[in-house]
Amino acid sequence: SNPLNINHSGHLTIGGIDTTELAKKYGTPLFIYDVEHIRKNARAFVDTFKKYQVKAQVAYASKAFSSVAMVQVAKQENLSLDVVSQGELYTALKAGFPTEKIHFHGNNKNYDELLMAVNQEIGCIVIDNFHEIELLSTILSDQNKKMDVLIRVTPGIEAHTHDYILTGNEDSKFGFDLSNGQATRAMEQLHTHPYINLKGIHCHIGSQIFETEGFIMAIERVFGTLAEWKDSHAFTCEILNLGGGFGIKYTQEDEPLPLEKYVEALIEEVTKQVNLHDMDFPEIWIEPGRSIVGDTAITLYTIGSTKEIPNVRKYVAVDGGMTDNLRPALYQAKYEAVIANKANEEEVENVSIAGKCCESGDMLIWDIALPKVQPNDILAVFSTGAYGYSMSNHYNRFPKAAVVFVENGKDRLVIKRESYQDVVQNDLSYEEE
Ligand code: LLP
């Protein structure tokens, strides 16, 4: 997925712009998003639903990368927005996102978060647990307001990149179990609720999924339950939210499907199930995060020190690491990279890319073939658009990186690099002034 774009100087480009120029202009570590690519990913989902004339909402899962500029791009592409916290909701409001297209998730939404969602009259709350039903009921009756909700169920299918675990009694912190009657009990509470409109059901089976099989299994199970509810409670499912999780290419080994194919598989299976159970076709919602932004960004780093252990390994250290990309340390996630200022040069050595945090596990890439590296070379790591900046942290008191959007041959800073003043801004003195 990373067909290298290289200019006449042999430098890597993104959105037509020389990455080494961007490194000079904004410093490193630097996230750079190709906005046209974000739009292309978003449209792949939206247009496929349109093509099959299926009423749908494509909600960008903003946990993958939330910022005012990103939420504005989602708005421009007519996406809906999945938020999982008051911080993400606040960001959406700051970005002027239409509140009726915001969906609120989370396994432990608190009173303040739910109150904000109700006051802002957001589109939908995805109900996760019984405690939340109580909190929301109190808030709605106090405010004398109504709220549309979906009920989140765990269909007992957990999809990993290549395989699926079927669990009769799903061991998950999210949602209501289908297997032990919890989901039905929740449905009964919501179905007849004076302030809550239960519009349908939600399930999410995992992330970075390459095949359609897990989604199909989940749809089958969910429809089994919907068929029961139809018979027992005359419940009609107006909205079926199938979550996110569509995989992307990080390395040559990853083989995701084109995004259209996931949507087609969902539509096909839902069609099959509604016919089987003699139901009306529901509106379909999905919540892609990674597949909208993941492969649209790169991170630039400046190379500093190297350490060679003869016959073992050469460590090449960069000026970021687990503070801007936690995924390798946390999940052993794999990435590919090039030297941006030597993008045409032959790969001559095998090295490992180390971060600069005080922790041995702070490695970005183990074993990668690169041209001969020197201090001040610029390393470009691919496919860092999802869960990179959004999981960045202040370990070792590193200021957070900057984020730049490029589009139409122009670059624009969308998140400022933090200063050291930012790093200590909430610290208070323990000495007499
Ligand atoms: N909907 C729900 C309910 C979710 O829990 C998630 C992701 C999504 C949608 C979006 O999934 P996506 O399309 O991005 O796969 N930090 C991890 C990923 C955590 C995903 C959590 N939930 C990572 O870096 O791989």
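To get my numbering, take the position in the sequence shown, counting from 1, and add 681. The beta carbon of each residue, even a glycine, is placed where N, CA and C say it ideally should be.
Does DSSP classify Met960 as helix, strand or coil?
coil
Closest residue to Ile713 among Thr980, Phe891, Glu839 (Cα-Cα distance):
Thr980
Counting only the same chain and skipping the five closest in sequence on each side, list residues whose C-beta sits under 7 angstroms from that of Asn1103.
According to the sequence displayed, residue 1103 carries Asp and not Asn. Once the five neighbours on either side are set aside, the close Cβ partners of Asp1103 are Pro1080.
Hey, Ala1067 and Ile1046: beta-carbon distance below 8 angstroms or not?
Ile1046 sits away from Ala1067, with the two beta carbons spaced by 8 angstroms or more.
Does DSSP put Glu1113 in a helix, a strand or coil?
coil
Contact test: Ser761 Cβ vs the ligand LLP heavy atom, cutoff 7 angstroms
no
Where do the N-terminal and C-terminal ends of the beta strand (DSSP E) with Asp1092 fall, by residue?
1091-1096
Taking the Cβ atom as the reference point for each residue, do Lys953 and Ile920 lie within a distance shorter than 8 angstroms?
Lys953 is not a Cβ neighbour of Ile920, given a cutoff of 8 angstroms.
How many angstroms separate the CA atom of Ile783 from the CA atom of Leu685?
36 angstroms
Taking the Cβ atom as the reference point for each residue, do Thr709 and Ser747 lie within a distance shorter than 8 angstroms?
no
Here's the rule I'm using: 16 or more other beta-carbon atoms within 10 Å means buried, otherwise exposed. How should Asn992 be labelled?
With fewer than 16 Cβ atoms within 10 Å of its Cβ, Asn992 is classed as exposed.
Distance, Cα to Cα, Asn825 vs Val799?
10 angstroms
Since Ala1050 and Glu1028 are thought to touch, with beta carbons under 8 angstroms apart, how far apart are those beta carbons, to the nearest angstrom?
Between Ala1050 and Glu1028, the beta carbon gap of about 4 angstroms places them in contact (Cβ cut-off 8 angstroms).
Spatial distance of Ser761 from Lys995 (CA atoms)
46 angstroms
Alpha carbon to alpha carbon, what distance is there between Lys911 and Thr917?
6 angstroms
Between Ala725 and Pro1052, what straight-line distance do the alpha-carbon atoms span, to the nearest angstrom?
36 angstroms
Would you identify the three-state DSSP class for Glu758, choosing helix, strand or coil?
coil
If you follow the alpha helix (DSSP H) that Val997 is in, where does it begin and where does it stop?
Per DSSP, Val997 belongs to no alpha helix (DSSP H); it is in the beta strand (DSSP E), 994-999.
If you drop the 5 nearest sequence neighbours on each side, which residues of the same chain put their C-beta closer than 8 angstroms to that of Val834?
Gly856, Phe857, Asp858, Leu859, Ala864, Ile882, His883, Cys884, Val903, Thr906
Reducing DSSP to helix, strand and coil, say where Lys1081 ends up.
coil
Pull up the CB-CB distance for Gly985 and Pro1056, whole angstroms please, since I reckon it's below 8 angstroms.
Contact between Gly985 and Pro1056 holds, with the beta-carbon distance rounding to 6 angstroms and staying under 8 angstroms.
Let me confirm a value: Ile990 is counted as buried when at least 16 other C-beta atoms fall within 10 Å, else exposed. Which label applies?
exposed
Closest to Leu947 by CA distance: which of Arg720, Val1054, Glu717, Lys736 is it?
With distances taken between Cα atoms, Leu947 lies closest to Lys736.
Pull up the distance between the alpha-carbon of Met898 and that of Ser853, whole angstroms please.
Rounded to the nearest angstrom, the two C-alpha atoms are 18 angstroms apart.
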